[in-house]
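Residue numbers (the working numbering), protein chains in the order written: chain A, 1 to 283; chain B, 284 to 566; chain C, 567 to 849; chain D, 850 to 1132.
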């Protein structure tokens, strides 16, 4: 039994759902999940579909047929992927350990179905954690005027390990355009505020100063503009005047790790689709 | 332009989605929304679909065709309804006014697309509110040993006004089996606890006594077993030891009115489907 | 039995709590509630205290004594108020009715212990609602180049009715500096976003465009800078890509009315204290 | 500089706050925090106070004086503790690792100011995790008819290591009365439901079957009655019909670890006070 996941967006018109479902039915596939959405303002159709094939599936052949018939007819941007193949995830960290501990704990207990070939950091502080979980750790310092050098080393490692996507688990460095182009909508960041409030540095300090009654965390795909990429997931926590900046930072940690983990799971399940700098999150 | 809503459940098998969508495509319909779900444990398929027809739609003819072809083939329990026809809602109240004010305010401001031909109460306390909103109010006292008499009067009124569904907006009486049979999955109650915790009378008192840190409200369809019907919507609110029973009651009011209104909106949009004493809530 | 509420802030030093509590003990008062907070960063002490007196209380005398002894010693900014006297609240509205319906429903059912001598609006659309609840309604149009004229009329009415504080229940006009000075920290606004995100006009449109996964509402005291006053209360609601701008507006209504009502209740209970453009909210 | 924490409950009467604060003022203490609460129904007074002493504090002497004067006068149940001394926490686990990973990650990063002298388990599955964090792990199997033997070993270890309190981090065994008596209100459990709903075994299965729209987790002190002890903290997460039992279990894990950690932090900060099988949680 093989299972594939299909993600589509295309101009909205009539007959798409019937066309797509008939296609898979005709290929002896059993559609076990379909979720669809139409952005009426921009007249765009979105769909996610899971389909099972009982015989040995020729994935390339299926892709070719789908591309030549349905996809072309409806001018689709589309992607068919085998649902079984685990993706390879790289984790970038700096000095904060809470997201790293959380991700590695989930990984070890089988909650995250992913491979983690490497952890990259601009500091060596978290190396012992990586080691205690048995994950290779690469310390690549980022010096002020030699950022591109560091990034070249990172890219080389990512390429060598055939990394599919990158998670910035409180990696406190700005990602260059070159890296973003190499991993379009495949770099997931966790920002420690309820975006678009408090973008940029020291959001807990700003939240404290403004006197908000709720803080948040936001996981998003990284784009060229800082903290402005498509939002995958957000969550919040109530605070009061009793909370010092240090309290906000501590409370925020829990938000950050939960929100980041949820975003990664959505990405792994191929339930995220980016369009117009926003995400469609399928159920 | 006519729009219909289709709700289905049937034994899960392959080809249903393709079959249904092809049917509507063949009838020159444009499917504008589809949401589907499979209960894998019980092998049941669920679907909600909205379809637009540009020509004058013969609804009866469409139903007949669908019934004779797709529905029969897949042994479906199904319902096709015109999405335009507003439903007729009766409100039952006792002495608490917060849900009534909330519903009538939403109704008057056009937020609830529904007709409200009547309000029924076992007390006359809220009659002035009904009058100030211009809704007919019927005071039908419920005496201990003459409940069936009162209910006969209620049923007569409901029949006369062709009521589609009933909302118990803190109506503090138990509904008889006869009434429930007359409106199966069409009586919506709001219970002032996070069910199944604190079913029955005085849930805020029980919550206070137990020392919970969160209270809730639950809207559900009424079934023969008290407070045990299919849950449509729930929400919660944090409390602390500072809150007295009276505080819980006050905080709970806001929960009750919001949760009840959400449940009514889901029902009106035909986004609820009951199966196995649970609801499928389509997005 | 008389009850008073005391609000204090002053430079932090040792002995304040003992000093204050001993004072009230010495006046035969029974302290039934005390909540205190120290802003360590700015070295400011805050306190709220409720005290009961069994004999006939001479409020003026108590104030005088407190002022001359404790308040002077610790350089306090302070306020003693009789907890029984209901405050007079004016409501300002434009064309949106949901907050108005909600406030008047709470008022009529005795949930808001307040007097509402008048409703002021720049439109006449909501006059029938005011009338159905029996509250005087004043239609004071605000014309572009004659805003000060309209505001003079408003101020005259507010003065005549001895209004204590103003609630802007989705009043879509900017409040002038003169009005703010006349009611310092006594004008409560509801803004339909999670401030500081999406300050200014059309926040739901901006939230939709940004693709946030959570929307919010914020109630704050009005200050000269638009949507930048001390925040009293905030709350949020989850959304998804399925929600159109219209959906956000509808979902937001529930947030707005709940958050505004909570803020008003806190204000009425004298549980809010403004300092440094932030609020201390006592429990 | 020394800091103490005082927890009190006693019959409510007038003058307690003034009495207590004057006492500490008289001892040259600086009260830096006070939170008080009166249960009016049962006429009980509760207080938590933090006080700093600039000179070398004689803790025993302070306790003696307080006991002989204030505590006796007001018939207080009270406890004064040095705020600096870290407590010793034992962790009990079975086979689920998510709470253990979470607690140890927090411990290692300095978030939990506690000592963890040992982890006890009825299985050896999680031994490698304990080892990777450098914490002694004791495998004490619990056989059906020899439970008291296992518990005797546990008690011996706990005594030897001078354990202050126990955390049941998804320890799937019922705790005996003897153990509970040895650690009254000092055994913290995490139950994977929103108590009192779904007490006992397999709460996620029950939640799925009932069709609730929200699941929860509850941390409470262990008492003789199963899952009925004083609740310290609860939180919830929204679910839908899409979630299978496995999904609930996965979503629940995040709730469990967050709620348990919050409860432990409250306990460590001595912000919990048990009375009448409920908790007062100070801010």
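Glycine is no exception: its CB is placed at the ideal position from the N, C-alpha and C atoms.
* In the DSSP assignment, what are the bridge partners of residue 191 of chain A? -> Stepping through the first chain from its first residue, residue 191 of chain A is reached at position 191. A:218, per the DSSP bridge assignment.
* To do: Answer yes or no: do residue 277 of chain A and residue 223 of chain A have a C-beta to C-beta separation smaller than 9 Å?
  => Position 277 of the first chain, counted from the first residue, corresponds to residue 277 of chain A. Position 223 of the first chain, counted from the first residue, corresponds to residue 223 of chain A. In contact: residue 277 of chain A and residue 223 of chain A (Cβ atoms closer than 9 Å).
* Asked: At least one CB of chain D closer than 9 Å to the CB of residue 598 of chain C: is that the case?
  -> For the purposes of this step, residue 598 of chain C is taken as the residue at position 32 of the third chain. Taking Cβ atoms only, chain D reaches closer than 9 Å to residue 598 of chain C, which makes this a yes.
* For residue 800 of chain C, count neighbouring Cβ atoms within 10 angstroms of its own Cβ and tell me buried if that reaches 16, exposed if not. => Here the question's residue 800 of chain C lines up with position 234 in the third chain. With a 10 Å radius around the Cβ and a threshold of 16 neighbouring Cβ atoms, residue 800 of chain C comes out buried.
* Could you spell out where the beta strand (DSSP E) holding residue 33 of chain A opens and where it closes? => For the purposes of this step, residue 33 of chain A is taken as the residue at position 33 of the first chain. From DSSP, the beta strand (DSSP E) with residue 33 of chain A extends over 29-39.
* To do: Taking only beta carbons into account, state which residues of the stretch 698-712 of chain C come closer than 7 Å to chain B, listed in chain order.
  => The residues in question are 698.
* Asked: residue 372 of chain B bridges to which residues according to DSSP?
  -> Mapped onto the second chain, residue 372 of chain B falls at position 89. Note: residue 372 of chain B sits in a beta bridge opposite B:448.
* DSSP three-state assignment for residue 667 of chain C, whether helix, strand or coil -> In the third chain, counting from the first residue as 1, residue 667 of chain C sits at position 101. Residue 667 of chain C falls in the helix class under three-state DSSP.
* Asked: Which residues share a DSSP beta bridge with residue 402 of chain B?
  -> Residue numbering aside, residue 402 of chain B sits at position 119 when the second chain is read from its first letter. Beta-bridge annotation (DSSP): residue 402 of chain B is paired with B:374, B:420.
* Asked: Just by C-beta distance, which residues in the stretch 1098-1109 of chain D are closer than 8 Å to chain A?
  -> Residues of the stretch 1098-1109 of chain D whose Cβ lies closer than 8 Å to any Cβ of chain A, in chain order: 1099, 1102, 1103, 1107.
* Could you spell out where the beta strand (DSSP E) holding residue 1112 of chain D opens and where it closes? => For the purposes of this step, residue 1112 of chain D is taken as residue 263 along the fourth chain, with counting starting at 1. Residue 1112 of chain D -> not in any beta strand (DSSP E); alpha helix (DSSP H) instead, spanning 1094-1117.
* To do: List the residues that DSSP assigns as beta-bridge partners of residue 841 of chain C.
  => Along the third chain, one-based indexing puts residue 841 of chain C at 275. Paired residues: C:844.
* To do: Taking only beta carbons into account, state which residues of the stretch 92-105 of chain A come closer than 9 Å to chain D, listed in chain order.
  => Correct list: 96, 97, 98, 100, 101, 102, 104, 105.
* Determine, using beta carbons only, whether residue 846 of chain C and residue 575 of chain C come nearer to each other than 9 Å. => On the third chain, position 280 is the one that residue 846 of chain C refers to. On the third chain, position 9 is the one that residue 575 of chain C refers to. Yes. Within cutoff.
* Asked: Who are the neighbours of residue 279 of chain A on chain C, taking C-beta pairs under 8 Å?
  -> The residue labelled residue 279 of chain A in the question sits at position 279 within the first chain. The contacting residues are 777, 807.
* Asked: Going along the chain, which residues of its own chain have a beta-carbon closer than 8 Å to the beta-carbon of residue 567 of chain C, five neighbours each way excluded?
  -> Your numbering for residue 567 of chain C matches position 1 in the third chain. Here the set comprises 618, 619, 620.
* To do: Measure from the C-beta of residue 235 of chain A to each C-beta in chain C and report whether the shortest distance is under 9 Å.
  => Position 235 of the first chain, counting from 1, holds the residue named residue 235 of chain A. Yes, because at least one Cβ of chain C sits closer than 9 Å to the Cβ of residue 235 of chain A.
* By the criterion of Cβ-Cβ separation under 9 Å, what are the contact partners of residue 1079 of chain D in chain B? -> For this step, residue 1079 of chain D is matched to residue 230 along the fourth chain. Residues of chain B whose Cβ lies closer than 9 Å to the Cβ of residue 1079 of chain D are, in chain order, 494.
* Asked: CA-CA distance, residue 767 of chain C and residue 252 of chain A?
  -> Stepping through the third chain from its first residue, residue 767 of chain C is reached at position 201. Stepping through the first chain from its first residue, residue 252 of chain A is reached at position 252. Each residue's CA atom was taken as its position, placing residue 767 of chain C and residue 252 of chain A some 29 Å apart.
* Just curious, the alpha helix (DSSP H) that residue 769 of chain C is in, first and last residue? -> Locating residue 769 of chain C in the third chain gives position 203, counting from the first residue. Boundaries of the alpha helix (DSSP H) harbouring residue 769 of chain C: 769-776, taken from the DSSP string.
* **Backbone secondary structure at residue 359 of chain B - three-state DSSP** => The residue labelled residue 359 of chain B in the question sits at position 76 within the second chain. Three-state DSSP puts residue 359 of chain B in coil, outside helix and strand.
* From the beta carbon of residue 571 of chain C, is the nearest beta carbon of chain B less than 9 Å away? -> Taking the first residue of the third chain as 1, we reach residue 571 of chain C at position 5. So no, residue 571 of chain C is outside the interface.
* Would you say residue 84 of chain A faces chain D, with C-beta separation under 9 Å as the test? -> The count along the first chain starts at 1 and reaches residue 84 of chain A at position 84. Between residue 84 of chain A and chain D, the shortest Cβ-Cβ separation is not below 9 Å.
* Asked: Which same chain residues, not among the five before or five after residue 38 of chain A, have their C-beta less than 6 Å away from its C-beta?
  -> Taking the first chain and counting its residues from 1, the one referred to as residue 38 of chain A is at position 38. Excluding residues within five positions, the ones whose Cβ falls inside 6 Å are 12, 45.
* **Alpha-carbon spacing of residue 815 of chain C relative to residue 808 of chain C, whole angstroms** => If you number the third chain from 1, residue 815 of chain C lands on position 249. If you number the third chain from 1, residue 808 of chain C lands on position 242. Going by C-alpha positions, residue 815 of chain C is about 13 Å away from residue 808 of chain C.
* Exposed or buried, which one is residue 42 of chain A when buried takes at least 16 other CB atoms within 10 Å? -> Taking the first residue of the first chain as 1, we reach residue 42 of chain A at position 42. Counting of Cβ neighbours within 10 angstroms places residue 42 of chain A among the exposed residues, the total staying below 16.
* Taking buried to mean at least 16 other C-beta atoms within 10 Å of its own C-beta, is residue 926 of chain D buried or exposed? -> Start at 1 with the first residue of the fourth chain, and residue 926 of chain D comes out as number 77. Exposed, because fewer than 16 other Cβ atoms sit within 10 Å of the Cβ of residue 926 of chain D.
* Asked: Taking the C-alpha atoms as reference points, what is the distance between residue 31 of chain A and residue 82 of chain A?
  -> Translated into the one-based positions of the first chain, residue 31 of chain A becomes position 31. Translated into the one-based positions of the first chain, residue 82 of chain A becomes position 82. So the two alpha carbons sit approximately 14 Å from each other.
* Asked: Between which two residues does the alpha helix (DSSP H) harbouring residue 127 of chain A extend?
  -> The residue given as residue 127 of chain A occupies position 127 in the first chain. Taken as a continuous stretch (DSSP letters only), the alpha helix (DSSP H) holding residue 127 of chain A covers 127-132.
* Asked: Beta-carbon separation of residue 908 of chain D and residue 853 of chain D under 9 Å?
  -> Residue 908 of chain D sits at position 59 when you count from the first residue of the fourth chain. Residue 853 of chain D sits at position 4 when you count from the first residue of the fourth chain. The beta carbons of residue 908 of chain D and residue 853 of chain D sit closer together than 9 Å.
* When Cβ atoms are compared, which residues of the stretch 193-212 of chain A fall closer than 7 Å to chain B? -> Those would be none; no residue qualifies.
* In chain order, what residues of the stretch 672-700 of chain C put their CB closer than 7 Å to some CB of chain B? -> Answer in chain order: 675, 677, 698.
* Quick one, which of A:186, A:142, A:185, A:204 has its alpha-carbon nearest residue 193 of chain A's? -> As a position in the first chain, residue 193 of chain A is number 193, starting the count at 1. Closest by C-alpha distance to residue 193 of chain A, out of A:186, A:142, A:185, A:204, is A:204.
* Asked: For residue 17 of chain A and chain C, any beta-carbon pair shorter than 9 Å?
  -> Counting from one through the first chain, the residue named residue 17 of chain A turns up at place 17. Cβ-Cβ to chain C under 9 Å: no for residue 17 of chain A.
* Quick one: Cα of residue 566 of chain B to Cα of residue 827 of chain C, how far? -> Translated into positions along the second chain, residue 566 of chain B becomes position 283. Translated into positions along the third chain, residue 827 of chain C becomes position 261. Using only the alpha carbons, I get a separation of about 29 Å.
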